[in-house]
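Student: Chains as they are written, first to last, in this note's numbering: chain A, 359 to 627; chain B, -12 to 256. For glycine and all other residues, C-beta sits at the position ideal for the given N, C-alpha and C. Note that the coordinates shown come from a computational prediction; the quantities given were computed from them, not determined experimentally. Got a structure for you, questions after.
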């Protein structure tokens, strides 16, 4: 157990040193998400909020709260996709084979990377979220106790998702391609910018594949309405989804290493 | 200039033929298609076509889908051209050929034009993929006057090329492509009126929209496609666009000559 903790800690430190050495990180982790958030907010402007069939949003503040919780979840998941993307850099830098040659626990490496990236990447946007919610005074006081629960839901589900992404990226040398394939569908189908209940059936089926959909089903009622009961229906769906993802991750991890042993050479192994 | 232009275009053609930039092309198309899909979902499923009354006042049309699809397709075209021209010098730096290029007496205008010409086909491919999918989703594109459209596209190539020259210099100066290009594209997508009229934005953001050529090209493009207008009816807009593009072009080349001198001094001095 101590060894696993050491590996996770080492990966977290490595992530920090790799990313926080330049000003660029403030663009990717703070400025870009804020601009994208405002872009999503203005996308609602051409529509008449009072005439739609769903009446989900009574005011502009409702849209802001919906989007800010959606984006907080998305940034958590996206940061792990990005960390997985950097798994490709290990290959380019020639450190991937060293990692595999060490006796370090593979699962600890994968989840250490995911966890390290998550903490590093979401704190700045979280500060922005708190600032916006305080500014528009929309968060109910009773919701404050749900903030830690929401963070745990997001952190656990995003870390599990990140583990899967890291393993998938182990197979590929061209990770940017996979990044586009996973990132864009997630933002649309998980209900980050638009509630999933308005989707047609085929889109709902795709939504069901992303754990972010369920994480948002839990986090939104908790933070926006302060309602624990409304979020309960998402919990078992999220648990099932996470269990399936962990099983898939473990299976793929074995397959990826086997594949690298068989087809790789010393440099690319 | 012509020799340099043809030589650069030929070299880039061979590079693209041997290592086709699939990743970038797929990424841009995927981003474009998902933005189109989001607009379709929000219009049909979320609001069932109920638009804000100001939308028609600002755009002169109530056809949201065509409005957005034209915006997204031209944005995809702009991003593609800007990336291919803007990243050119940094690619030379990464491949180790920048020093040879800077020492040679070849025309810089010819070099950038060569980069532009070689990639036009691929940029058009991305543009048309998004446009055709948009048409399948309900955009009205059949009333287009082809000769007017061709002129708009030539104007847009000129304006994106002008911005690309400035962008190439910024990238060379900062020695970065990732942060620079993505920050620009994210800002452009917020302020240039891609999927909503810029009048919804606060005044200070509208000022930024007016100094970006894409805003004006997009306005012309929509006038021609949605309303079937003749271009000479909008000659003031065309003059504004050409003047703005010329400013970017001249500034880009002026700044490049300064950055070049500094680079040569640092490398050989």
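Count the other C-beta atoms from every protein chain shown that fall within 10 angstroms of the C-beta of residue 411 of chain A, then say buried if there are 16 or more, exposed otherwise.
Tutor: By 1-based counting over the first chain, the position of residue 411 of chain A is 53. Classification of residue 411 of chain A: exposed, given that the 10 Å Cβ count is below 16.
Student: Could you say if the segment 201 to 221 of chain B and the segment 115 to 125 of chain B meet the contact criterion of at least three C-beta pairs nearer than 8 Å?
Tutor: Between the segment 201 to 221 of chain B and the segment 115 to 125 of chain B, the count of C-beta pairs closer than 8 Å stays below three; the two stretches do not touch.
Student: Determine, using beta carbons only, whether residue 176 of chain B comes closer than 8 Å to chain C.
Tutor: Checking the listed chains, one finds no chain C in this structure; the protein chains it contains are A and B.
Student: Against residue 409 of chain A, what residues of chain B qualify as contacts under a CB-to-CB distance less than 8 Å, listed in chain order?
Tutor: By one-based count along the first chain, residue 409 of chain A stands at place 51. The contacting residues are 34 and 37.
Student: Could you check the C-alpha separation between residue 485 of chain A and residue 71 of chain B for me, to the nearest Å?
Tutor: Looking up residue 485 of chain A in the first chain gives position 127. Looking up residue 71 of chain B in the second chain gives position 84. Rounded to whole angstroms, residue 485 of chain A to residue 71 of chain B spans 36 Å at the Cα level.
Student: State the Cα-Cα distance for the pair residue 448 of chain A and residue 221 of chain B, rounded to the nearest angstrom.
Tutor: Within the first chain, numbered from 1, the residue matching residue 448 of chain A stands at position 90. Within the second chain, numbered from 1, the residue matching residue 221 of chain B stands at position 234. One alpha carbon belongs to residue 448 of chain A, the other to residue 221 of chain B, and they sit about 53 Å apart.
Student: Using a Cβ-Cβ distance cut-off of 8 Å, determine whether residue 546 of chain A contacts chain B.
Tutor: The residue labelled residue 546 of chain A in the question sits at position 188 within the first chain. So yes, residue 546 of chain A belongs to the interface.
Student: Quick check on this structure: which residue in A:570, A:588 and A:611 has the alpha carbon closest to the alpha carbon of residue 427 of chain A?
Tutor: Looking up residue 427 of chain A in the first chain gives position 69. Ranking the options by Cα distance to residue 427 of chain A, first place goes to A:570.
Student: Quick check on this structure: which residue in B:132, B:51, B:55 and B:159 has the alpha carbon closest to the alpha carbon of residue 85 of chain B?
Tutor: Sequence index remark: in the second chain, residue 85 of chain B carries index 98 (1-based). Here the closest residue by C-alpha is B:159.
Student: Nearest-angstrom Cα distance between residue 34 of chain B and residue 550 of chain A?
Tutor: As a position in the second chain, residue 34 of chain B is number 47, starting the count at 1. As a position in the first chain, residue 550 of chain A is number 192, starting the count at 1. Straight-line Cα distance between these residues: approximately 17 Å.
Student: Are the C-beta of residue 401 of chain A and some C-beta of chain B separated by less than 8 Å?
Tutor: Here residue 401 of chain A refers to the residue found at position 43 when the first chain is read from its first residue. Cβ-Cβ to chain B under 8 Å: yes for residue 401 of chain A.
Student: What residue does the alpha helix (DSSP H) around residue 466 of chain A start on, and which one ends it?
Tutor: Taking the first chain and counting its residues from 1, one reaches residue 466 of chain A at position 108. Run containing residue 466 of chain A: 464 to 494, per the alpha helix (DSSP H) assignment.
Student: Distance check for residue 24 of chain B and residue 562 of chain A, CA to CA, integer angstroms please.
Tutor: By one-based count along the first chain, residue 562 of chain A stands at place 204. By one-based count along the second chain, residue 24 of chain B stands at place 37. When rounded, the distance between both Cα atoms is 14 Å.
Student: By how many angstroms is the C-alpha of residue 63 of chain B removed from the C-alpha of residue 364 of chain A?
Tutor: Position 6 of the first chain, counted from the first residue, corresponds to residue 364 of chain A. Position 76 of the second chain, counted from the first residue, corresponds to residue 63 of chain B. Each residue's alpha carbon lies about 45 Å from the other.
Student: So which residues of chain B does residue 493 of chain A contact, with C-beta pairs closer than 9 Å?
Tutor: Here residue 493 of chain A corresponds to residue number 135 of the first chain, with the count starting at 1. The premise fails here: residue 493 of chain A is roughly 15 Å from chain B at the closest Cβ pair, so nothing lies under 9 Å.
Student: Comparing alpha-carbon positions, which option in B:-5, B:245 and B:65 lies nearest residue 88 of chain B?
Tutor: Sequence index remark: in the second chain, residue 88 of chain B carries index 101 (1-based). Selected option, being the one with the closest Cα: B:-5.
Student: Does residue 18 of chain B come within less than 8 Å of chain A when only Cβ atoms are used?
Tutor: Taking the first residue of the second chain as position 1, residue 18 of chain B is located at position 31. Yes, residue 18 of chain B lies at the interface with chain A (some Cβ there is under 8 Å from its Cβ).
Student: For chain B, is any of its Cβ atoms less than 8 Å away from the one on residue 552 of chain A?
Tutor: By 1-based counting over the first chain, the position of residue 552 of chain A is 194. Answer yes: the Cβ-Cβ gap between residue 552 of chain A and chain B drops below 8 Å somewhere.
Student: I want to verify the contact list: residues of chain A whose CB lies under 7 Å from the CB of residue 76 of chain B, in sequence order.
Tutor: Taking the second chain and counting its residues from 1, the one referred to as residue 76 of chain B is at position 89. Those within 7 Å of residue 76 of chain B in chain A number zero; the least Cβ separation is about 19 Å.
Student: Out of curiosity, what's the CA-to-CA distance linking residue 367 of chain A and residue 361 of chain A?
Tutor: Reading the first chain from its first residue, position 9 is the one you call residue 367 of chain A. Reading the first chain from its first residue, position 3 is the one you call residue 361 of chain A. Spanning the two alpha carbons is a distance of roughly 10 Å.
Student: Please check the pair residue 179 of chain B and residue 142 of chain B, which I expect to be a contact at CB under 8 Å, by giving their CB distance rounded to whole angstroms.
Tutor: Here residue 179 of chain B refers to the residue found at position 192 when the second chain is read from its first residue. Here residue 142 of chain B refers to the residue found at position 155 when the second chain is read from its first residue. Not confirmed; about 15 Å, so no contact.
Student: So which of B:133, B:80 and B:57 has the shortest CA-CA distance to residue 217 of chain B?
Tutor: As a working mapping, residue 217 of chain B is identified with position 230 in the second chain. Comparing Cα-Cα distances from residue 217 of chain B to each of B:133, B:80 and B:57, the minimum goes to B:133.
Student: Report back the beta-carbon spacing between residue 117 of chain B and residue 181 of chain B to the nearest angstrom; my notes put them in contact at under 8 Å.
Tutor: The residue given as residue 117 of chain B occupies position 130 in the second chain. The residue given as residue 181 of chain B occupies position 194 in the second chain. 12 Å between Cβ atoms; not a contact.
Student: Just how far apart, CA to CA, sit residue 403 of chain A and residue 506 of chain A?
Tutor: Reading the first chain from its first residue, position 45 is the one you call residue 403 of chain A. Reading the first chain from its first residue, position 148 is the one you call residue 506 of chain A. One C-alpha to the other measures close to 32 Å.
Student: In angstroms, rounded to a whole number, what distance separates the CA positions of residue 543 of chain A and residue 519 of chain A?
Tutor: Within the first chain, residue 543 of chain A is the residue found at index 185, counting from 1. Within the first chain, residue 519 of chain A is the residue found at index 161, counting from 1. Rounded to whole angstroms, residue 543 of chain A to residue 519 of chain A spans 15 Å at the Cα level.
Student: Let me see if you follow: with CB-CB separation under 8 Å, is residue 461 of chain A close to chain B or not?
Tutor: Along the first chain, read from residue 1 onward, the residue named residue 461 of chain A stands at position 103. Not an interface residue.
Student: Starting from residue 565 of chain A, trace the alpha helix (DSSP H) in both directions and tell me its first and last residue.
Tutor: Your numbering for residue 565 of chain A matches position 207 in the first chain. First-last of the alpha helix (DSSP H) with residue 565 of chain A: 559 to 565.
Student: If I measure Cβ to Cβ from residue 79 of chain B and keep anything under 6 Å in the same chain, skipping five residues before and after, which residues do I get?
Tutor: For the purposes of this step, residue 79 of chain B is identified with residue 92 of the second chain, where counting begins at 1. If we look at residue 79 of chain B and ignore the five residues flanking it on each side, its Cβ neighbours are 85 and 88.
Student: Only counting runs of 4 or more residues, tell me where the alpha helix (DSSP H) segments fall wholly within the segment 69 to 93 of chain B, in order along the chain.
Tutor: 75 to 82 and 85 to 90
Student: Please list, in chain order, the residues of the segment 371 to 398 of chain A that have any C-beta partner in chain B closer than 8 Å.
Tutor: With the criterion set as a beta carbon lying under 8 Å from some beta carbon of chain B, the members of the segment 371 to 398 of chain A are 382, 385, 386, 389, 390, 393, 394, 396 and 397, in sequence order.
Student: Tell me which residues share the same chain as residue 147 of chain B and place their Cβ nearer than 7 Å to its Cβ, disregarding the 5 neighbours each side in the sequence.
Tutor: Here residue 147 of chain B is taken as the residue at index 160 of the second chain, counted from 1. These residues qualify, in order along the chain: 65, 68 and 69.
Student: Using a Cβ cut-off of 8 Å (strictly closer), state whether residue 616 of chain A contacts chain B.
Tutor: Along the first chain, read from residue 1 onward, the residue named residue 616 of chain A stands at position 258. By this cut-off, residue 616 of chain A is not an interface position.
Student: Return the bridge partner residues of residue 270 of chain B from the DSSP annotation.
Tutor: Examination of residue 270 of chain B is not possible in this model, given that chain B is present from -12 through 256 alone.
Student: Counting only Cβ-Cβ distances shorter than 9 Å, please list the residues of the segment 503 to 521 of chain A near chain B, keeping chain order.
Tutor: Within the segment 503 to 521 of chain A, no residue has a Cβ lying closer than 9 Å to any Cβ of chain B.
Student: According to DSSP, is residue 569 of chain A part of a helix, a strand, or is it coil?
Tutor: As a working note, residue 569 of chain A is residue 211 in the first chain. It is helical.
Student: With contact counted as at least three CB pairs below 8 Å, one residue from each stretch, are the segment 585 to 604 of chain A and the segment 509 to 526 of chain A in contact?
Tutor: With three or more CB-CB distances shorter than 8 Å, the segment 585 to 604 of chain A counts as touching the segment 509 to 526 of chain A.
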